[in-house]
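Working notes, beginning with the structure itself.
There are 2 protein chains.
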Amino acid sequence: MTEDVPPRPKARAPRGFQDRRADALAAERRILAAVSRVYESYGFEHLDTGAFEYADALGKFLPDADRPNEGVFALQDDDEQWMALRYDLTAPLARFAAENWDSLSKPFRRYAYGPVWRNEKPGPGRYREFLQCDADTVGSDRPEADAEIIAMAVEGYAAAGLPRSAYALRINNRKLLNGLLTAAGVVESGQKLAVLRAVDKLDRLGPQGVVSLLGAGRKDESGAFTKGAGLASAAIDSVLAFVEAGRDTRVATLDRLSEVIGGSAEGDEGLGELARISEALGRMEVGEDQAVFDPSIVRGLEYYTGAVFEADISLQTVGERGESVRFGSIGGGGRYDDLVARFTGQKTPATGFSFGVSRLAAALAAADGQGDRQRGPVVVLALDQALMGDYFAIARELRAAGLPTEVYLGGSGMRAQMKYADRRLSPAAVIVGGDEIAAGTVTIKDLDLGRALAASVADNQAWREGRPGQVTAPRGELVAQVRRIVEAAA
Amino acid sequence: MTEDVPPRPKARAPRGFQDRRADALAAERRILAAVSRVYESYGFEHLDTGAFEYADALGKFLPDADRPNEGVFALQDDDEQWMALRYDLTAPLARFAAENWDSLSKPFRRYAYGPVWRNEKPGPGRYREFLQCDADTVGSDRPEADAEIIAMAVEGYAAAGLPRSAYALRINNRKLLNGLLTAAGVVESGQKLAVLRAVDKLDRLGPQGVVSLLGAGRKDESGAFTKGAGLASAAIDSVLAFVEAGRDTRVATLDRLSEVIGGSAEGDEGLGELARISEALGRMEVGEDQAVFDPSIVRGLEYYTGAVFEADISLQTVGERGESVRFGSIGGGGRYDDLVARFTGQKTPATGFSFGVSRLAAALAAADGQGDRQRGPVVVLALDQALMGDYFAIARELRAAGLPTEVYLGGSGMRAQMKYADRRLSPAAVIVGGDEIAAGTVTIKDLDLGRALAASVADNQAWREGRPGQVTAPRGELVAQVRRIVEAAA
Numbered sequence: 007m008t009e010d011v012p013p014r015p016k017a018r019a020p021r022g023f024q025d026r027r028a029d030a031l032a033a034e035r036r037i038l039a040a041v042s043r044v045y046e047s048y049g050f051e052h053l054d055t056g057a058f059e060y061a062d063a064l065g066k067f068l069p070d071a072d073r074p075n076e077g078v079f080a081l082q083d084d085d086e087q088w089m090a091l092r093y094d095l096t097a098p099l100a101r102f103a104a105e106n107w108d109s110l111s112k113p114f115r116r117y118a119y120g121p122v123w124r125n126e127k128p129g130p131g132r133y134r135e136f137l138q139c140d141a142d143t144v145g146s147d148r149p150e151a152d153a154e155i156i157a158m159a160v161e162g163y164a165a166a167g168l169p170r171s172a173y174a175l176r177i178n179n180r181k182l183l184n185g186l187l188t189a190a191g192v193v194e195s196g197q198k199l200a201v202l203r204a205v206d207k208l209d210r211l212g213p214q215g216v217v218s219l220l221g222a223g224r225k226d227e228s229g230a231f232t233k234g235a236g237l238a239s240a241a242i243d244s245v246l247a248f249v250e251a252g253r254d255t256r257v258a259t260l261d262r263l264s265e266v267i268g269g270s271a272e273g274d275e276g277l278g279e280l281a282r283i284s285e286a287l288g289r290m291e292v293g294e295d296q297a298v299f300d301p302s303i304v305r306g307l308e309y310y311t312g313a314v315f316e317a318d319i320s321l322q323t324v325g326e327r328g329e330s331v332r333f334g335s336i337g338g339g340g341r342y343d344d345l346v347a348r349f350t351g352q353k354t355p356a357t358g359f360s361f362g363v364s365r366l367a368a369a370l371a372a373a374d375g376q377g378d379r380q381r382g383p384v385v386v387l388a389l390d391q392a393l394m395g396d397y398f399a400i401a402r403e404l405r406a407a408g409l410p411t412e413v414y415l416g417g418s419g420m421r422a423q424m425k426y427a428d429r430r431l432s433p434a435a436v437i438v439g440g441d442e443i444a445a446g447t448v449t450i451k452d453l454d455l456g457r458a459l460a461a462s463v464a465d466n467q468a469w470r471e472g473r474p475g476q477v478t479a480p481r482g483e484l485v486a487q488v489r490r491i492v493e494a495a496a
Numbered sequence: 007m008t009e010d011v012p013p014r015p016k017a018r019a020p021r022g023f024q025d026r027r028a029d030a031l032a033a034e035r036r037i038l039a040a041v042s043r044v045y046e047s048y049g050f051e052h053l054d055t056g057a058f059e060y061a062d063a064l065g066k067f068l069p070d071a072d073r074p075n076e077g078v079f080a081l082q083d084d085d086e087q088w089m090a091l092r093y094d095l096t097a098p099l100a101r102f103a104a105e106n107w108d109s110l111s112k113p114f115r116r117y118a119y120g121p122v123w124r125n126e127k128p129g130p131g132r133y134r135e136f137l138q139c140d141a142d143t144v145g146s147d148r149p150e151a152d153a154e155i156i157a158m159a160v161e162g163y164a165a166a167g168l169p170r171s172a173y174a175l176r177i178n179n180r181k182l183l184n185g186l187l188t189a190a191g192v193v194e195s196g197q198k199l200a201v202l203r204a205v206d207k208l209d210r211l212g213p214q215g216v217v218s219l220l221g222a223g224r225k226d227e228s229g230a231f232t233k234g235a236g237l238a239s240a241a242i243d244s245v246l247a248f249v250e251a252g253r254d255t256r257v258a259t260l261d262r263l264s265e266v267i268g269g270s271a272e273g274d275e276g277l278g279e280l281a282r283i284s285e286a287l288g289r290m291e292v293g294e295d296q297a298v299f300d301p302s303i304v305r306g307l308e309y310y311t312g313a314v315f316e317a318d319i320s321l322q323t324v325g326e327r328g329e330s331v332r333f334g335s336i337g338g339g340g341r342y343d344d345l346v347a348r349f350t351g352q353k354t355p356a357t358g359f360s361f362g363v364s365r366l367a368a369a370l371a372a373a374d375g376q377g378d379r380q381r382g383p384v385v386v387l388a389l390d391q392a393l394m395g396d397y398f399a400i401a402r403e404l405r406a407a408g409l410p411t412e413v414y415l416g417g418s419g420m421r422a423q424m425k426y427a428d429r430r431l432s433p434a435a436v437i438v439g440g441d442e443i444a445a446g447t448v449t450i451k452d453l454d455l456g457r458a459l460a461a462s463v464a465d466n467q468a469w470r471e472g473r474p475g476q477v478t479a480p481r482g483e484l485v486a487q488v489r490r491i492v493e494a495a496a
């Protein structure tokens, strides 16, 4: 017989995948609801696409490889086509827009949220499945479409509960630096990329470090040498003046930028776009400290073609082991005019923003000092099988009054049931035995008060006998008594 | 150069995967919110597990095959372990409960919702990704735990918007028929399965058909012969009496069942459980027509070990092509005491229910006569680039008053913009040009009224000139005028 019994599998979640419980999910759900409401108030339409896309549609299929690129979870369908789980919400949007372009109302403005999957090496805090929440406008080349995306992001973070002083959208335009480099004679794409990489390090290395990386190169403290972009000194000066062009207001930054950039056609185009973004942001009353023009913002993804946005949180908090934690980017986006064209061959202007929902939830928990803990339900103790019907009648009555309530359904005794209610962070326990039934009463224990009293009483024995926070009331007062306790706990 | 350009991929969703738009998503979201609120009112905790499980944990890994069973989407991780997308929410719960058993508050009562994936042949209305919403109690062998699951399902459907007359939970207990068969000397598992299959056809074939299938077999109209279970005639009579034991009330059915089943230990156990379920349902005031004891309910899945539940909808509707559509099961569940034991080796009682969210949404849409159409936002027409700032200020003002509003961001003229607003099902369009700015006014078009008037006016030319449903008002009355139209449209 023994060989017929399959071995018992080990119960464990796959590497890099999370089980999330009520507290974390409640925070996420609040964020998604708040941000969705903002999107809908701007007239964006909800869209949901499937988890899979064909690998070629995701653009992660290398033409010379016989399997999709690493970085995605891919499998071959029974008709031999490779499918992969989406790694973001933008690629499926581009596919959807291309597939349905003729029948869509244009511009097509949609929001979406849901899990995305990345087949990367998992680590602490690095998961292979996480939530994104995006809004995109497809089919508008107006810079005002970018402004609207920025305004929604600013409003979305506030709606999700971030203090306005804690975050800012930083905005740049790819065309500015491109125009400046072209004017300086830098046209080779490898050299341009080296310049972008150098600028991206401004925060970490400061101006002098960037100057080194723009020029011959930089030796760090360990002695390791990073080769520089090899710009001539005049070009280095221009780039540095550019990344340091940020001023107190969007208009002042624009003025300074036009001094630094002026003259190249592409740079002027970028300036014109930023000016229109600035005008629209002003009229939407988006604060100067919420949406900042910052020429040092790079953003990695190659597909951005114009405006780029990054949401930074300035929160400085203390982590679980007392270490200082700096939250950096909590979202980003920009204008990408080439993504739909991959399918259709026709340039289709698009712009969007993606909230990193899990990172935002972590930031909110940190801003609070700690995450929310959800209160448990009122627990009706199950002390006597003969009274189970009464317990269910009590629970029904409390629920009908809007008070979440459960009857304890395990097989343990009273002490374990109280502990259960305690661990669920229940506000109250209802205790009914034969005495209460005979007397027409209910006993209700205020668990918060009980905990507080227990903590303040030195003699634990006295506490046990004294039944702190416990009242016995006529059965008719059940709802009122419990409501009083629940409302005090909220 | 040409050979460097990869071929353009075709924009199409993978077979069996859906793109869902705002109307469908709003219905789903309403269902999930309503059902979640019911679960939370009973003290169930929200849990979300990852999309993947290890294939052996899903139990879909055949020991003698080198790939996971078909029916799931599986792939091999870079450490060679096979992972598969969850095909339901119960298997991940069993894994989670087994993995965390020691630290969980018990009984562990959780609800969950999200997509599940089945690698099956797609067809019309048959998708490979769909939504489920489940509640389960792990660690309670009390029949009252089953009663609670039933009560929540009944309440959940009502909260989601189904008329109470349109559906019922049908409840049975596996132990009844098992006990009856054992008492009749039917112990061979193949024969028992044949009996279950025969009983399952009561609806379709009627009692005479079932009698044939319980005995020698049955020839259908086409002449095809189905071999029967081969029961002796006394046993056939018992089984038929059993499946026809349903009476008007749960208590009356119990009485009749005890006449039919009485005597076998397993049957008596099942009766005792149903009696306790009946008592709890009564005390929770679950209507007799909402939760019905029905001995003919079988449910396919082999893992149910006691009570089984099935939600049937009685709605008879007309499909897209005028055909009559019968919605059958819209959810189901039962008690499964062996699923956690797969991991731990220890029997762990569990019971639960799963809503088929997509089927429920379809049923609700059918019950309504048709699905909801979401109203679009107010559209501020973009008629003059120089006034874009004013358009954004108007939109901001309307949004701040709680009225979803967008500024048209495409490049088309007025006629196309009105058509856009019309297709979005917008209630109103705001029309502002140089004249309005100079006069300090806004022009607002009531689009519903415009449509109605246009339909009633024979002379289309007159309609075009008459601007039906259009008013010009002082700028200060913007919000009040638009609100009036939006509220009338709601």
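First to last, the protein sequences are chains A and B.
Convert by adding 6 to the 1-based position in the first sequence; the result is the number in this note's numbering.
Convert by adding 6 to the 1-based position in the second sequence; the result is the number in this note's numbering.
All C-beta atoms in this analysis are idealised placements derived from N, C-alpha and C, irrespective of residue type, glycine included.
Just so you know, these numbers come straight off a predicted model, no measurement behind them.
Contact of valine 413 of chain A with chain B by beta-carbon distance below 8 angstroms involves Glu150, Glu154.
In the DSSP annotation of this structure, the continuous segment of the beta strand (DSSP E) that includes proline 121 of chain B starts and ends at 114-123. For the set A:Ala235, A:Asn179, A:Leu182, A:Trp123, the Cα lying nearest the Cα of serine 195 of chain A is the one of A:Ala235. For leucine 53 of chain A and proline 74 of chain B, the gap between their C-alpha atoms comes out near 32 angstroms.
Contact annotation: in the stretch 116-128 of chain A, residues whose CB is within less than 9 angstroms of a CB in chain B are Arg116, Gly120, Pro121, Trp123, Asn125, Lys127. For lysine 112 of chain A, the chain B residues whose Cβ falls inside 7 angstroms of its Cβ are Gly416, in order along the chain. Within chain B, Pro12, Pro13, Pro15, Lys16 have C-beta atoms less than 9 angstroms from the C-beta of aspartate 62 of chain A, given in sequence order. Secondary structure within the stretch 335-366 of chain B: the beta strand (DSSP E) runs of 3 or more consecutive residues, fully enclosed, are 335-341, 356-362 (chain order). In the structure shown, arginine 224 of chain A adopts extended strand secondary structure according to DSSP, grouped into three states. Aspartate 318 of chain B has a beta carbon lying at 7 angstroms or more from every beta carbon in chain A. Against chain A, the beta carbon of glutamine 24 of chain B has neighbours under 7 angstroms at Gly56, listed in chain order.
Taking the beta carbon of arginine 481 of chain B as reference, no residue of chain A falls within 7 angstroms; the closest one sits roughly 14 angstroms away. A direct Cα-to-Cα measurement between aspartate 25 of chain A and alanine 57 of chain B gives close to 10 angstroms.
About 6 angstroms separates the CB atoms of alanine 317 of chain A and glycine 338 of chain A; that is less than 8 angstroms, so the two are in contact. DSSP lists A:Trp88 as the beta-bridge partner residues of glutamine 82 of chain A. Exposure of glycine 191 of chain A is indicated by the presence of fewer than 16 other C-beta atoms within 10 angstroms of its C-beta.
Excluding residues up to 5 positions away in sequence, nothing lies with its Cβ nearer than 6 angstroms to the Cβ of tryptophan 107 of chain A in the same chain. According to DSSP, residue pairing for tyrosine 173 of chain B in a beta bridge involves B:Ile319.
Nearest to glutamate 34 of chain A by C-alpha distance, out of A:Val78, A:Glu86, A:Tyr119, A:Val314, is A:Tyr119.
Put simply, of A:Pro433, A:Ala388, A:Asn184 the residue whose alpha carbon is nearest the alpha carbon of isoleucine 267 of chain A is A:Asn184. Leucine 175 of chain A places its beta carbon less than 7 angstroms from that of phenylalanine 315 of chain A. DSSP, reduced to helix, strand and coil, places isoleucine 267 of chain A within a helical segment of the structure shown. With fewer than 16 neighbouring CB atoms inside 10 Å of its own CB, valine 193 of chain B falls in the exposed class. Beta-carbon to beta-carbon, alanine 286 of chain B and phenylalanine 398 of chain A are separated by about 5 angstroms, close enough to satisfy the 8 angstroms threshold. Within its own chain, the residues whose Cβ lies closer than 8 angstroms to the Cβ of serine 239 of chain A, once the five positions on either side in sequence are excluded, are Gly221, listed in chain order. With contacts defined as CB atoms closer than 7 angstroms, proline 98 of chain B and glutamate 59 of chain B qualify as a contacting pair.
Non-local C-beta neighbours of tyrosine 133 of chain A in its own chain, meaning closer than 6 angstroms and more than five positions away in sequence, comprise Gly22, Gln24, ordered along the chain.
With a minimum length of 3 residues, the unbroken runs of beta strand (DSSP E) contained wholly in the stretch 411-438 of chain A fall at 411-413, 434-437. Neighbours of aspartate 83 of chain B across chain A, judged by C-beta separation under 8 angstroms: Pro20, Arg21. When only Cα atoms are considered, alanine 427 of chain A and glycine 358 of chain B end up about 22 angstroms apart. Assigned with DSSP and collapsed to three states, lysine 127 of chain A falls in coil, not helix or strand. Rounded to the nearest angstrom, the Cβ distance from valine 436 of chain B to leucine 387 of chain B is 7 angstroms, consistent with a contact under 8 angstroms. Taking CB atoms only, phenylalanine 102 of chain A has a neighbour in chain B less than 7 angstroms away. Residue-level contact by beta carbon holds for serine 47 of chain A and chain B, with a gap shorter than 7 angstroms.
A contact is defined here as three or more CB-CB pairs under 8 angstroms, and the stretch 145-159 of chain B meets this definition with respect to the stretch 289-299 of chain B.
The contact set of tyrosine 342 of chain B on chain A, defined by CB atoms closer than 7 angstroms, is empty, because the minimum CB distance reaches about 16 angstroms.
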